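A.B. asks: Our numbering numbers the first residue of the sequence shown as 49 and each following residue consecutively. Take a look at this one; I'll ask things after.
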Amino acid sequence: MDTESTYSGYSYHSGRSRGSHRHGERSRDRHKSRSKDSRSEKSVTINPAPAEPLLGDTAVRGEPVQDDTWGETTTAVTGTSEHSLSQEDIVRITKDLEDSVGLDCRRYFTLTLAVILGLLVFLSPLAFMILPHLLWPEKLQSCGTACEGLFISVAFKLLILLLAVWALFFRPARTSLPRLFVFRALLAVLVLLFVLAYWLFYSVRILDSQDEDYQGIVHYAVSLVDALLFIHYLAIVLLELRQLQPYFSVCVTRSTDGETRHYNLGQLSIQRAALAILEHYYCDFAIHNPALLTASKSRAAKHLAGLKVYNVDGDLPTAPAEGPGNNAAAGMAHSQSRAIIAAAAHCRDSSHNELYYEEAEHDRRVRKRKARLVVAVEEAFTHVKHMKEEEQKKAPGDVMDPREAAQAIFPSMARALQKYLRTTKQQHCHSMESIQQHLAFCISNNMSPKAFLESYLKPGPTLQYSRDHWLARQWTLVSEASVTSGLRDGTVFILKCADFGLVVTVKRIPYIRLSEEYIDPKSHKFVLRLQSETSV
Numbered sequence: 049m050d051t052e053s054t055y056s057g058y059s060y061h062s063g064r065s066r067g068s069h070r071h072g073e074r075s076r077d078r079h080k081s082r083s084k085d086s087r088s089e090k091s092v093t094i095n096p097a098p099a100e101p102l103l104g105d106t107a108v109r110g111e112p113v114q115d116d117t118w119g120e121t122t123t124a125v126t127g128t129s130e131h132s133l134s135q136e137d138i139v140r141i142t143k144d145l146e147d148s149v150g151l152d153c154r155r156y157f158t159l160t161l162a163v164i165l166g167l168l169v170f171l172s173p174l175a176f177m178i179l180p181h182l183l184w185p186e187k188l189q190s191c192g193t194a195c196e197g198l199f200i201s202v203a204f205k206l207l208i209l210l211l212a213v214w215a216l217f218f219r220p221a222r223t224s225l226p227r228l229f230v231f232r233a234l235l236a237v238l239v240l241l242f243v244l245a246y247w248l249f250y251s252v253r254i255l256d257s258q259d260e261d262y263q264g265i266v267h268y269a270v271s272l273v274d275a276l277l278f279i280h281y282l283a284i285v286l287l288e289l290r291q292l293q294p295y296f297s298v299c300v301t302r303s304t305d306g307e308t309r310h311y312n313l314g315q316l317s318i319q320r321a322a323l324a325i326l327e328h329y330y331c332d333f334a335i336h337n338p339a340l341l342t343a344s345k346s347r348a349a350k351h352l353a354g355l356k357v358y359n360v361d362g363d364l365p366t367a368p369a370e371g372p373g374n375n376a377a378a379g380m381a382h383s384q385s386r387a388i389i390a391a392a393a394h395c396r397d398s399s400h401n402e403l404y405y406e407e408a409e410h411d412r413r414v415r416k417r418k419a420r421l422v423v424a425v426e427e428a429f430t431h432v433k434h435m436k437e438e439e440q441k442k443a444p445g446d447v448m449d450p451r452e453a454a455q456a457i458f459p460s461m462a463r464a465l466q467k468y469l470r471t472t473k474q475q476h477c478h479s480m481e482s483i484q485q486h487l488a489f490c491i492s493n494n495m496s497p498k499a500f501l502e503s504y505l506k507p508g509p510t511l512q513y514s515r516d517h518w519l520a521r522q523w524t525l526v527s528e529a530s531v532t533s534g535l536r537d538g539t540v541f542i543l544k545c546a547d548f549g550l551v552v553t554v555k556r557i558p559y560i561r562l563s564e565e566y567i568d569p570k571s572h573k574f575v576l577r578l579q580s581e582t583s584v
């Protein structure tokens, strides 16, 4: 209801439509300013390898929130949707396809280089021992027992190196980082230079002179394999062990609802730290629900609507002109300002009461529908228990499987569950098929009604929900510093996706000084002296 107040012949009221229009213009202006500011920021993208949607449904974000009383007479969770494509959607889809093609090309190019370098590393020791037999076999000296023993040593060392390289480097790709991993690139360059140096020495001192000491050639190949094993040990230290010791404490805050988590990280680059934070995000943060923010945004738009000023007696007063008669106009403007301040204070005083009663009413509705849902689920599980007892008396062919049992009892709880999910704004996170699958899973594993309801009474982590309800295919890393530089105290960067961002603040773990205080064990001893005389 629009409130009106009249002071000094003027009428002031909070015009909702005009205020909302001005609020929309201010929002568009702020959006344009943010778009201009974002051009100066350094941003790179982190793309998950499977290119999966992340945390939400665009249809839900675009459509209005439905009434909580929808489906009062229904017995199942159903829904229809219509899809249309605009020119902007086609451009966005085309851009996403071009980005995915570029990422696939870069990934396959990196994999090709890694395979070529691996073949060069593993074939070089074998080539060192085989080429003399192919080029000058008649000049070679006979290989004795010690030389033949070196063949076994080379074979086992190459097998160990192959398994170690496979375990450390050839892992399934989980993400595509925006920049090169510095340590991995340095190790690749080191291995390449090392192998080329061995080949250069081999071509000058052995191939050109056609060395006849075959045992020395085998020793040369063994030394190459030993050096490669030491380089692999260096890779383990730089890639795995260096980051285990925690040095920094990072605070991760979601920009929309303010949910915060804290993690300890080691010496990582900014892009590697962002990857570690995203891995924790999928498991620790509750799923992002944009529907919960709709009520607060509408309430804020309503209370922040501007006040309109009207002159009851005539037109609005204009700015006073310079002259002897401007005192009356100045007094009128002063009274107008005082009236606006009084009306704004009245709206501000009443807004907290409205918020209090809205939240109290919402909590009451949630508790009421939660109680109905709990009773309906307990009755359904009791019915399933009776059905199991009856099926034990039947023939084996007549036993109902968990899927059929879930479909049989689902309509009895569908109405209460649907109304509760709509009240708590979770209807887009759970489909009828996923609910029935979860119900069949609980029945097959003999789980309690409380275990079944736990997934719906509290929002779970992101990975608990199906992939269709995740939000975006890529994250954007925004950082003033280079993403390949290491973490430092006070570093701030943002991980953005479609509807929200994760603001990350880095703090160094302080230096901890421990001191020891020695307590003499004899200091705890004492003597209890009792009086020999007692009162009678």
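Cβ atoms here follow ideal geometry from the backbone N, Cα and C, with glycine treated the same way. Source: prediction; values computed, not measured.
How many whole angstroms separate the CB atoms of phenylalanine 229 and alanine 275, which I take to be in contact at a CB cut-off of 8 Å?
C.D. replies: Not really, about 23 Å apart at Cβ, beyond 8 Å.
A.B. asks: If you run the structure through DSSP and keep just helix, strand and coil, what is cysteine 153?
C.D. replies: helix
A.B. asks: At the level of alpha carbons, what is the spacing between leucine 210 and alanine 221?
C.D. replies: Distance between the alpha carbons of leucine 210 and alanine 221 is about 19 Å.
A.B. asks: My output table needs one value for serine 527: the three-state DSSP class, helix, strand or coil.
C.D. replies: strand
A.B. asks: How would you label valine 266, buried or exposed, when you count the other beta carbons within 10 angstroms and need 16 or more for buried?
C.D. replies: buried
A.B. asks: Give the single residue among Asp537, Lys498, Phe458 whose Cα lies nearest to the Cα of methionine 480.
C.D. replies: For the set Asp537, Lys498, Phe458, the Cα lying nearest the Cα of methionine 480 is the one of Phe458.
A.B. asks: Do aspartate 537 and valine 554 count as a contact pair if the criterion is CB distance below 8 Å?
C.D. replies: Cβ distance < 8 Å, so valine 554 and aspartate 537 count as in contact.
A.B. asks: Just checking my contact of valine 213 with glycine 166 at CB under 8 Å: how many whole Å lie between their CB atoms?
C.D. replies: 7 Å
A.B. asks: Using C-beta distances below 6 Å, list every residue in its chain close to leucine 198, excluding the 5 sequence neighbours before and after it, in chain order.
C.D. replies: Excluding positions up to five away in sequence, the list reads Val266, Val270.
A.B. asks: Just how far apart, CA to CA, sit arginine 463 and leucine 469?
C.D. replies: 10 Å
A.B. asks: Quick check on glycine 72: buried or exposed, where buried means 16 or more other Cβ atoms within 10 Å of its Cβ?
C.D. replies: Here glycine 72 scores only 49 on pLDDT, less than 50, and its place in the model is too uncertain to base an answer on.
A.B. asks: Could you name each continuous alpha helix (DSSP H) segment of 4 residues or more that falls completely within the region 282-329, going from the start of the chain to the end?
C.D. replies: Taking only runs of at least 4 residues, no alpha helix (DSSP H) segment lies wholly in the region 282-329.
A.B. asks: Going by the beta-carbon positions, is the gap between glutamine 455 and glutamine 484 smaller than 8 Å?
C.D. replies: It is a contact, given that the beta carbons lie within the stated cut-off.
A.B. asks: For glutamine 293, which residues from the same chain have a beta carbon less than 6 Å from its beta carbon, with the 5 sequence-adjacent residues on both sides left out?
C.D. replies: Gly314
A.B. asks: Can you have a look at glutamine 466 and say buried or exposed, based on whether 16 or more other CB atoms are within 10 angstroms of its CB?
C.D. replies: buried
A.B. asks: Whole angstroms are fine: how far does the CA of arginine 320 sit from the CA of tyrosine 504?
C.D. replies: One C-alpha to the other measures close to 34 Å.
A.B. asks: Identify every run of the alpha helix (DSSP H) within the region 244-276, keeping only runs that are complete inside it and at least 4 residues long; order them along the chain.
C.D. replies: none
A.B. asks: Distance, Cα to Cα, valine 526 vs histidine 181?
C.D. replies: 58 Å
A.B. asks: Would you kindly report the start and end of the unbroken alpha helix (DSSP H) that includes isoleucine 542?
C.D. replies: Note, isoleucine 542: premise wrong, no alpha helix (DSSP H); beta strand (DSSP E) at 540-544.
A.B. asks: Going by DSSP, what residue range makes up the beta strand (DSSP E) through leucine 576?
C.D. replies: No beta strand (DSSP E) contains leucine 576, which DSSP labels as neither H nor E.
A.B. asks: Does the beta-carbon distance from glutamine 263 to alanine 175 come in below 8 Å?
C.D. replies: no
A.B. asks: Return yes when the Cβ of isoleucine 557 is within less than 8 Å of the Cβ of serine 297, no when it is not.
C.D. replies: When the beta-carbon positions are compared, serine 297 and isoleucine 557 come within less than 8 Å of each other.
A.B. asks: Just curious, the beta strand (DSSP E) that threonine 553 is in, first and last residue?
C.D. replies: 549-556
A.B. asks: For the putative contact between threonine 510 and tyrosine 330, defined by C-beta atoms under 8 Å, what is the C-beta separation to the nearest angstrom?
C.D. replies: 5 Å
A.B. asks: To the nearest whole angstrom, what separates the beta carbons of alanine 488 and proline 450, a pair I think is in contact under 8 Å?
C.D. replies: 4 Å
A.B. asks: Quick one: what's serine 514 bridged to in DSSP?
C.D. replies: Paired residues: none, contrary to the question.
A.B. asks: Should threonine 472 be labelled buried (16 or more other beta-carbon atoms within 10 Å of its own) or exposed?
C.D. replies: buried
A.B. asks: Please report the straight-line C-alpha distance between proline 226 and leucine 171, rounded to a whole angstrom.
C.D. replies: 32 Å
A.B. asks: Going by DSSP, which residues form a beta bridge with alanine 334?
C.D. replies: Pro509
A.B. asks: Report the partner residues of glycine 534 according to the DSSP bridge assignment.
C.D. replies: Ser317
A.B. asks: Once DSSP output is grouped into helix, strand and coil, what is the label at glutamine 189?
C.D. replies: coil
A.B. asks: I'd like the list of long-range same chain contacts for valine 432, defined as Cβ closer than 7 Å, with 5 residues on each side in sequence excluded.
C.D. replies: Ala453, Ile457, Ile491
A.B. asks: Let me confirm a value: cysteine 545 is counted as buried when at least 16 other C-beta atoms fall within 10 Å, else exposed. Which label applies?
C.D. replies: buried
A.B. asks: Put isoleucine 567 into one of helix, strand or coil per three-state DSSP.
C.D. replies: coil
A.B. asks: Out of Glu327, Met177, Ala162, Tyr405, which has the shortest C-alpha to C-alpha gap to tryptophan 247?
C.D. replies: Met177
A.B. asks: Going straight from the alpha carbon of valine 273 to that of glutamate 528, what length do you get?
C.D. replies: 43 Å
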